[in-house]
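**Student:** The numbering of the sequence shown is the working numbering, which starts it at 328 and goes up by one.
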Amino acid sequence: MNTQKIGVKQFRQIALKELSADNNFLAGWVPNSIIDHAVDPLIGKLRPWTKAGREYHNFYRNFYCTLAWTKLWKICKFDQTSWNLDDEVIRNVSNKFNFLIEYALDNIDENLFDDERNVDPKDWLENYNPELISRYTAMDHLFQNITNNPIKNVLDFGSGIGRQAFQWFKPEDGTEGVNLFSVDAIESLYVLQNKIYSLLYPKHLREYFYDQETF
Numbered sequence: 328m329n330t331q332k333i334g335v336k337q338f339r340q341i342a343l344k345e346l347s348a349d350n351n352f353l354a355g356w357v358p359n360s361i362i363d364h365a366v367d368p369l370i371g372k373l374r375p376w377t378k379a380g381r382e383y384h385n386f387y388r389n390f391y392c393t394l395a396w397t398k399l400w401k402i403c404k405f406d407q408t409s410w411n412l413d414d415e416v417i418r419n420v421s422n423k424f425n426f427l428i429e430y431a432l433d434n435i436d437e438n439l440f441d442d443e444r445n446v447d448p449k450d451w452l453e454n455y456n457p458e459l460i461s462r463y464t465a466m467d468h469l470f471q472n473i474t475n476n477p478i479k480n481v482l483d484f485g486s487g488i489g490r491q492a493f494q495w496f497k498p499e500d501g502t503e504g505v506n507l508f509s510v511d512a513i514e515s516l517y518v519l520q521n522k523i524y525s526l527l528y529p530k531h532l533r534e535y536f537y538d539q540e541t542f
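1) Residue 518 to residue 384, Cα distance in whole Å?
2) Rounded to a whole number of angstroms, what is the C-alpha to C-alpha distance between residue 346 and residue 506?
3) How would you write the range of the beta strand (DSSP E) that residue 506 sits in, first residue to last?
4) Helix, strand or coil: which one does DSSP assign to residue 419?
5) Specify the secondary structure class of residue 414 as computed by DSSP and reduced to three states.
6) Am I right that residue 516 and residue 423 are in contact with their C-beta atoms under 8 Å? What's the rounded C-beta distance?
7) Quick one: give me the first and last residue of the beta strand (DSSP E) that residue 482 is part of.
8) Does the contact criterion of 3 or more C-beta pairs under 8 Å hold for the region 478–486 versus the region 453–460?
9) In the DSSP assignment, what residue or residues form a beta bridge with residue 318?
10) Let me check understanding here. Comparing Cα to Cα, which of 504, 399, 540 and 339 lies closest to residue 460?
11) Who are the near neighbours of residue 332 in its chain, counting only those whose CB is closer than 7 Å to its CB and skipping five residues on each side?
12) Measure the Cβ-Cβ separation of residue 488 and residue 394 and say whether it is below 9 Å.
13) Who are the Cβ neighbours of residue 329 in its own chain at under 7 Å, not counting the five residues just before and after it?
14) Is the beta carbon of residue 412 closer than 9 Å to that of residue 468?
15) Would residue 343 be called buried (16 or more neighbouring beta carbons within 10 Å of its own) or exposed?
16) Residue 441 by DSSP, collapsed to three states: which one?
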């Protein structure tokens, strides 16, 4: 079953049916004082856990915001390790990020400027090196395979930018790979993941919102 990208309106219509009064703030577009006033308006307003950050605007904006929000300064702490990382995983993940960066740069939102970092997202993306985040993902791969048991199903709960799929799913090599279940409640991240997966794996994505009964 091939699927098309899900729209924000469609996401909200279905999410409203599934969110209760206790958790409807998770979607981000429902007014909530914690999300609305979590940070100063000019500092961190694009982060996915703020109201503005939880709303999906377009691929360029939300891809940049999610990638920039990933804490590379924390990831750097893992940079000097003696672990034998899989170079093929690093290369595969880097290629996926480079492809998505190029796609984002082909669809620039001229109205977006990052006030928190005081940078132009276009310049930031053009100079972004995915090597570090790819090595970080390869560390995940190393420990997820530490038992050497075959893995058939993977649950990525709170998928963020969806990088786990980059290491697990490689349809280009002709193998079955794994069944990866990507779960997220935040509008901006859910719709972003849907777009990323539809770009990278158009023939393999099964979208919950289109086929709820199967899920």
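Note that the Cβ used here is the ideal one computed from N, Cα and C, for glycine as well.
Since we're looking at a predicted model, the values are computed, not measured.
**Tutor:** Taking the structure as given:
1) 10 Å
2) 26 Å
3) 506–510
4) helix
5) helix
6) The pair is not a contact, with the Cβ atoms about 17 Å apart (cut-off 8 Å).
7) 480–484
8) no
9) This structure leaves residue 318 out entirely; the chain is present only between 328 and 542.
10) 399
11) 521, 522 and 525
12) yes
13) Because the pLDDT at residue 329 is just 47, under 50, the model does not fix this residue reliably, and the value given afterwards should be weighed accordingly. Once the five neighbours on either side are set aside, the close Cβ partners of residue 329 are 529 and 530.
14) yes
15) exposed
16) strand
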